[in-house]
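Numbering (our numbering), first residue to last: 124 to 290. Cβ atoms here follow ideal geometry from the backbone N, Cα and C, with glycine treated the same way. Predicted model, so just to flag it, every value in this text is computed and none were measured. What follows is a short report on a single structure.
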């Protein structure tokens, strides 16, 4: 929108005074629907961004849920492996005692020793899988920091039976 005004004072007599004014306005009657298409494109872009956001949120939720379920499973496996190790150790002690007392044979002792070694191996594997699951959960929820790593090292030392595990 533009406006202008002019005044002609060149006439000697004031009777011939001329004033003129003009206002111009530009209204696009047809712009090739570019405004309409730009608005539609912006709306579609917003829909696409929202859909992408929802997809990412669902993916993160699934990752956290899966990691949580996995740590529950691995915790149960570790408990079962610990119980199995205790049982195998008792069986080994009993087989050793029976063998020393002359009431058991070498095959019974070797079977108990093999079962005890297998139980140790299963517990180590279960502990390893539990640590992996714990790390995956921490990653999924975004809480890995230096203190978590130190605590993890302490747990490993306790598992190994180190005396200085609390340092």
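CA-CA distance, residue i and residue j?
i, j, result
"residue 288", "residue 277", "Summary for residue 288: the model assigns pLDDT 46, below 50, so the residue's position carries little reliability; its value from the coordinates is reported in the next sentence. Distance between the alpha carbons of residue 288 and residue 277 is about 5 Å."
"residue 218", "residue 204", "20 Å"
"residue 242", "residue 221", "21 Å"
"residue 182", "residue 166", "24 Å"
"residue 244", "residue 172", "50 Å"
"residue 156", "residue 149", "17 Å"
"residue 214", "residue 195", "29 Å"
"residue 281", "residue 239", "20 Å"
"residue 224", "residue 206", "27 Å"
"residue 177", "residue 147", "50 Å"
Check whether the Cβ atoms of residue i and residue j lie closer than 8 Å to each other.
i, j, result
"residue 252", "residue 197", "yes"
"residue 200", "residue 249", "yes"
On a CA-only basis, which of the options is nearest residue i? Give me that one, please.
i, options, result
"residue 105", "158, 246 and 268", "What the structure shows of the chain is the stretch from 124 to 290, and residue 105 is not part of that stretch, so it cannot be assessed."
"residue 186", "280, 273, 274 and 265", "265"
Beta-carbon of residue i versus every beta-carbon of chain D: anything under 8 Å?
i, result
"residue 197", "As a matter of chain content, chain D is missing from the structure shown, which is built from one protein chain."
Check: Would you call the stretch 250-265 and the stretch 186-200 in contact, with 3 or more CB pairs under 8 Å?
Finding: yes
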